[in-house]
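First up is the structure itself, then whatever we jot down about it.
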């Protein structure tokens, strides 16, 4: 357990002991008594645990006691998970009491054996806890159920800095000063936070700004308050008032020297000021303090630095802010913080994200710290130094600390040794780095501490997939749901974002919807994770010096240290996580089986990229497993034994290109919530997935395909499409489910409607294909209840091709699409081969839509209003043979909000529409004439927004006009002889 995070494990144990699942198992009377005693003992420990963790930093004895407690609690958690798994297994088998296997399982002798076995283990665990409780008495811990505030670590900051000592921050300084001195600001007091990880030099930058001569001349008074972790509004106000009075005192003393004639008056004012200072220092009433504040601040253009702010309580901030608004217009507050949360609640407009030093500046700082001024370093010193600076990633604190350390090492051998052996441990060895970054960790709540510490299992400098990270957190029980409608994925993303805002992660990459898909950890943050995880986790190497007696989580990084697996893993019974990274040679199934054979309580297992041909038999015995990654292996069949892993939540089979089938009993995995089969489409033909049983499913990658087969096709024949592939398919209708080539096999089915209806938490991508136009399908589509699936991001609907057509068919096409209305959260909508004349008005209600694509909708004549969709970036219309106008509005005046007769309107008043549109594609629309039916002179047309950068128009021979278009990055127009473009390009289009 990560340092300071034991409290969450205690809560988890108490929760499981009191769960309904445990109460449903028939236990001997003595076992029940031991469980009650265990619960009571853990509750007693919980009452003093926060105080114990607080004192552990100053007491080796307390730290040792916590280590023993942690070990016992983990073992208790394993025992209780056996109970929970047993309860789940009985619940699953109760539905089929006819089989011999079920009769044996529910026999009295079998249940008695389980009760006796578990009784011995519970008793042994309780006795260990009793010993720990007795030891606890000698520490005199204080009871308390509220997590205390982190103590001030005496990290006092100050406003003075030698400008010559600062390298590489001049540009940052000037940019912020430009904002501070900017006069065109409506607010009386403007606030700008500087945000960045610990050690970047936020305080140093603030000091440079504070002491700048332009700032000095512009503001009076200037105030510097080191807030640190104790955001006490009363104390902050008191410090501000004291600083104001002290600065007045200095001014009076100066005036006393400069103006001897008024010596008595100045002296009297100074004495009054001194009395006020004494009064404020002893004042404890916020009401009286705020009176002093207003008296001394009102009407003055002040500059206040609040350094090292941690408080994320918006109410506290607003209380302080309201007390500071009395200054003159142009007053400024500069905040330094590591947390984007703090920046969000404090910034007037935006904040300044401080980055690492550029390479040239970083090197200059290193040279200044590491070499004698008169010393001319050798080529070898420079070579090693450059490698060290590269490792520091522009972090000034790291460069300064390491440079200072190397300043005392005078030989090339010492420098080389530091690079090869000590640099990776610098976060643990150097107090300046570890204490600075660890302060960020100390301010985390317990649930985030364990999430962050777990990240040390990932290799340094690797990109971390956010889905993978969240799923591993879930597997370890780190993610806690507090409401029945919450999803693990959503709460996990919230945890991740909280760590990102606090600068524990960096270099994020986004997907097409703006969701963060991957990130990196700064090397020093990785060192911090290693430091705080202690004996909880280990990255095993080839040195043989791996003490894993108390380790619960292990990873192997073969990129850094080629090694052989130890078989089996030493002390494997305690291991909860095994992750294998960067292994590019064949481990072999026998080695893999032996490797994990004794890891009975494994929760997470990553065996990706091991070139396995079959799934190791040992995996079927891992009944506690929650996360299994078998990606990029040569396996052909998933064995039925996997269906016995009832706790499994995440199954990743990415790029298992040889996989041909999944086990028939996969519906038993009732806790499965994440399934990734991306790249499994080539050989996979048997997908017996009765998906309605998997009601916990949240994410299926790359997406779900529902096939509405057997209705509407000409002569009953199915017209299969090849453009959809690599999707998990639910074959709804007369066929079975399959993937990839979608080979049809006869099978019983309840239809797609029942399978989709129960998947309330389904997110990601959903494809419903082979839609028909019959009355039964209209009912099925309504029953699918897409409107309530708020986590869906991408919906693709595809209809069967029909050669015969009548008015009844048109009616059912439109009714069917009406019944498939998605939730407004949808980001992408695609319609293929739709044969209705109109599209339902619900499209206009998709206010989060980013991408809208229509393909081969030959009879479509009317589109709903789209121009007010605020986030629509991509609009594509392909092969719309009947479409004459894109907007169903009678006139452009409905968009402009004014009469089209106002022909004198100037170009400056043209109203932008489609506010976010960046790409427009119009292909093969032979009847398309324009945007609106009644378009006025082109000078009245609205303008596309400046965000439009791509325009593709092809084979639209009757198109005559378009909304006004700004300068484009990409423009391809072909086969539009009548089209004239205005504003940017008035040339005729290619014919």
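Numbering (our numbering), first residue to last: 1 to 991.
Ideal placement from N, C-alpha and C gives every residue a C-beta, glycine not left out.
Where residue 471 falls, given that 16 or more other Cβ within 10 Å makes a residue buried: For the purposes of this step, residue 471 is taken as the residue at position 471 of the chain shown. That one is buried.
For residue 643 and residue 668, which I take to be in contact (beta-carbon distance under 8 Å), what is that distance rounded to the nearest angstrom? Looking up residue 643 in the chain shown gives position 643. Looking up residue 668 in the chain shown gives position 668. Rounded, the Cβ-Cβ distance is 5 Å, consistent with contact.
Residue burial classification, residue 15 (beta-carbon count within 10 angstroms, cutoff 16): Taking the chain shown and counting its residues from 1, one reaches residue 15 at position 15. With fewer than 16 other Cβ atoms within 10 Å, it is exposed.
With a threshold of 8 Å, are at least 3 pairs of Cβ atoms found where one atom belongs to the region 437-447 and the other to the region 402-413? no
When you compare the CB positions of residue 196 and residue 503, do they come within less than 8 Å of one another, or not? The count along the chain shown starts at 1 and reaches residue 196 at position 196. The count along the chain shown starts at 1 and reaches residue 503 at position 503. Yes, the Cβ-Cβ distance between residue 196 and residue 503 is below 8 Å.
Does residue 999 come out as helix, strand or coil in the three-state DSSP assignment? This structure does not reach residue 999, given that the chain is present from 1 up to 991, and the question cannot be answered.
Starting from the C-beta of residue 782, find all residues in its chain whose C-beta is less than 7 Å away, skip the five residues before and the five after it, and write them out in chain order. Position 782 of the chain shown, counted from the first residue, corresponds to residue 782. Contacts found: 819.
Under 8 Å, with one C-beta from each stretch per pair, do the region 848-855 and the region 821-834 reach the 3-pair mark? yes
Buried versus exposed call for residue 325 [16 or more other C-beta atoms within 10 Å across all chains shown]: By 1-based counting over the chain shown, the position of residue 325 is 325. Exposed, by the Cβ-count rule.
Determine whether the beta carbon atoms of residue 241 and residue 289 lie at a separation below 8 Å. Residue mapping note: residue 241 aligns to position 241 of the chain shown, counting from 1. Residue mapping note: residue 289 aligns to position 289 of the chain shown, counting from 1. Cβ atoms of residue 241 and residue 289: closer than 8 Å.
Close-in-space but distant-in-sequence residues of the same chain around residue 31 (CB under 7 Å, 5 per side omitted): Along the chain shown, one-based indexing puts residue 31 at 31. If we look at residue 31 and ignore the five residues flanking it on each side, its Cβ neighbours are 115, 118, 119, 122.
Considering only their Cβ atoms, is the gap separating residue 6 from residue 68 smaller than 8 Å? On the chain shown, position 68 is the one that residue 68 refers to. On the chain shown, position 6 is the one that residue 6 refers to. It is not a contact, given that the beta carbons lie outside the stated cut-off.
For residue 799, which residues does DSSP report across the bridge? As a position in the chain shown, residue 799 is number 799, starting the count at 1. Beta-bridge pairing links residue 799 to 771.
Extent of the continuous alpha helix (DSSP H) to which residue 451 belongs: Working through the chain shown from its first residue, we reach residue 451 at position 451. Per DSSP, residue 451 belongs to the alpha helix (DSSP H) from 446-454.
Classify residue 513 as helix, strand or coil using the three-state DSSP reduction. To locate residue 513, count along the chain shown from 1; it is residue 513. Residue 513 falls in the coil class under three-state DSSP.
Need the endpoints of the beta strand (DSSP E) that residue 832 sits in, please. Stepping through the chain shown from its first residue, residue 832 is reached at position 832. Segment 828-832, the beta strand (DSSP E) holding residue 832.
Which two residues bound the contiguous alpha helix (DSSP H) that contains residue 669? Working through the chain shown from its first residue, we reach residue 669 at position 669. First-last for residue 669: undefined, no H or E at that position.
Under the three-state reduction of DSSP, which class applies to residue 507: helix, strand or coil? Within the chain shown, residue 507 is the residue found at index 507, counting from 1. Strand, per DSSP.
Which ranges does the alpha helix (DSSP H) cover as unbroken runs of at least 4 residues, wholly within the region 363-420, from first to last along the chain? 379-392, 396-407, 412-417
Would you decide whether residue 482 is buried or exposed? Buried here means 16 or more other CB atoms lie within 10 Å of its CB. Locating residue 482 in the chain shown gives position 482, counting from the first residue. When all chains shown are included, residue 482 counts as exposed.
According to DSSP, which residues form a beta bridge with residue 224? The residue given as residue 224 occupies position 224 in the chain shown. DSSP lists 305 as partners of residue 224.
Considering only their Cβ atoms, is the gap separating residue 637 from residue 704 smaller than 8 Å? As a working note, residue 704 is residue 704 in the chain shown. As a working note, residue 637 is residue 637 in the chain shown. No, the Cβ-Cβ distance between residue 704 and residue 637 is not below 8 Å.
Can you have a look at residue 60 and say buried or exposed, based on whether 16 or more other CB atoms are within 10 angstroms of its CB? Position 60 of the chain shown, counted from the start, is the residue given in the question as residue 60. By the neighbour-count rule (16 or more Cβ atoms within 10 Å), residue 60 is not buried but exposed.
Helix, strand or coil at residue 663 [DSSP, three-state]: Residue 663 sits at position 663 when you count from the first residue of the chain shown. Coil, per DSSP.
Endpoints, alpha helix (DSSP H) assigned at residue 992: As displayed, the chain neither begins before 1 nor continues past 991, which places residue 992 out of reach and without an answer.
Would you list the one or two residues that DSSP bridges to residue 538? Taking the chain shown and counting its residues from 1, the one referred to as residue 538 is at position 538. 554.
Using only alpha-carbon positions, find the residue among 670, 844, 700, 673 that is nearest to residue 992. No answer is possible for residue 992: it lies beyond the span of the chain, which begins at 1 and ends at 991.
Specify the secondary structure class of residue 328 as computed by DSSP and reduced to three states. Start at 1 with the first residue of the chain shown, and residue 328 comes out as number 328. Coil.
Indicate whether the contact test is met: 3 or more Cβ pairs, each with one atom in the region 188-203 and one in the region 323-337, closer than 8 Å. yes
Please state if the CB of residue 446 and the CB of residue 992 are separated by a distance shorter than 8 Å. No information on residue 992 is available, as it lies outside the stretch 1 to 991 that the chain covers here.
Where residue 872 falls: helix, strand or coil (DSSP): Counted from its first residue, the chain shown places residue 872 at position 872. The answer is coil: DSSP assigns residue 872 none of H, G, I, E or B.
With burial defined as no fewer than 16 other Cβ atoms inside 10 Å of the residue's Cβ, what is the status of residue 292: buried or exposed? For the purposes of this step, residue 292 is taken as the residue at position 292 of the chain shown. Flag for residue 292 reads buried.
Per DSSP, residue 349 forms a beta bridge with which residues? Your numbering for residue 349 matches position 349 in the chain shown. Residue 349 is not bridged to any residue.
Of all the options 343, 814, 225, which has the alpha carbon lying nearest to the alpha carbon of residue 498? Counting from one through the chain shown, the residue named residue 498 turns up at place 498. Comparing Cα positions, the closest option is 343.
What residues match up with residue 781 in a beta bridge as DSSP calls it? Taking the chain shown and counting its residues from 1, the one referred to as residue 781 is at position 781. Beta-bridge pairing links residue 781 to no other residue.
Given a cut-off of 8 Å, decide if residue 860 and residue 1072 are closer than it, judged by their beta-carbon atoms. One cannot answer for residue 1072 here, as it falls past the ends of the chain, which runs 1 to 991.
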